[in-house]
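Encoded as structure tokens, the structure appears first; notes follow it.
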Amino acid sequence: MRKKLVNLRTSKDLTQKQVAEILEISEVYVRKIEKGERNPGRETMLKFEQLYGIRDRELFPDLFQVDFDTKCIDVNSA
Numbered sequence: 001m002r003k004k005l006v007n008l009r010t011s012k013d014l015t016q017k018q019v020a021e022i023l024e025i026s027e028v029y030v031r032k033i034e035k036g037e038r039n040p041g042r043e044t045m046l047k048f049e050q051l052y053g054i055r056d057r058e059l060f061p062d063l064f065q066v067d068f069d070t071k072c073i074d075v076n077s078a
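Next up, the structure:
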């Protein structure tokens, strides 16, 4: 769940339906984005950024995290 999105929406006293209307996307899509079930495209991220006045990297940190795989395959143990 993307709690920051939910907290920002509720702090502005907006419903998911109102956010959907403002951003010109479906209410179902807003719900799925907030739950983390769907990832927004770049254009939709920018719409959220403009609505809340917060950078997309803060709104969707899960999409911008970089994980490095530090485990190596031991070819000698095969």
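Residue numbers for the sequence shown follow the UniProt record's numbering, beginning at 1 and rising by one. Cβ atoms here follow ideal geometry from the backbone N, Cα and C, with glycine treated the same way.
Nearest neighbour of residue i, chosen from the options [CA to CA]
i: residue 64; options: 40, 53, 23 and 35; result: 40
Close beta carbons around residue i, own chain, < 8 Å, minus the five adjacent residues each side
i: residue 36; result: 1, 2 and 62
i: residue 38; result: 29 and 32
i: residue 51; result: 19, 22 and 23
i: residue 34; result: 1, 2, 5, 6, 9 and 16
Exposure of residue i, with buried meaning 16 or more beta-carbon neighbours within 10 Å
i: residue 55; result: exposed
i: residue 88; result: In this structure the chain extends from 1 to 78, so residue 88 is not present and cannot be described.
Residues near residue i in its chain [Cβ-Cβ closer than 7 Å; skip 5 each side]
i: residue 31; result: 16
i: residue 49; result: 55, 56 and 59
Distance between beta carbons of residue j and residue i, contact taken as under 8 Å
i: residue 25; j: residue 44; result: 6 Å
i: residue 23; j: residue 59; result: So it is not a contact: roughly 12 Å between Cβ atoms.
Chain-order list of residues whose beta-carbon lies under 6 Å from that of residue i (same chain, five-residue window excluded)
i: residue 8; result: 52
Residue-level contact to chain D via CB, residue i, 8 Å cutoff
i: residue 56; result: This model lacks chain D altogether; it includes just one protein chain.
**Report entry** Minimum length 4: unbroken alpha helix (DSSP H) runs contained in the region 6 to 36
**Finding:** Taking 4 residues as the shortest admissible run, the region 6 to 36 contains the following complete alpha helix (DSSP H) segments, listed from N- to C-terminal end: 16 to 23 and 27 to 35.
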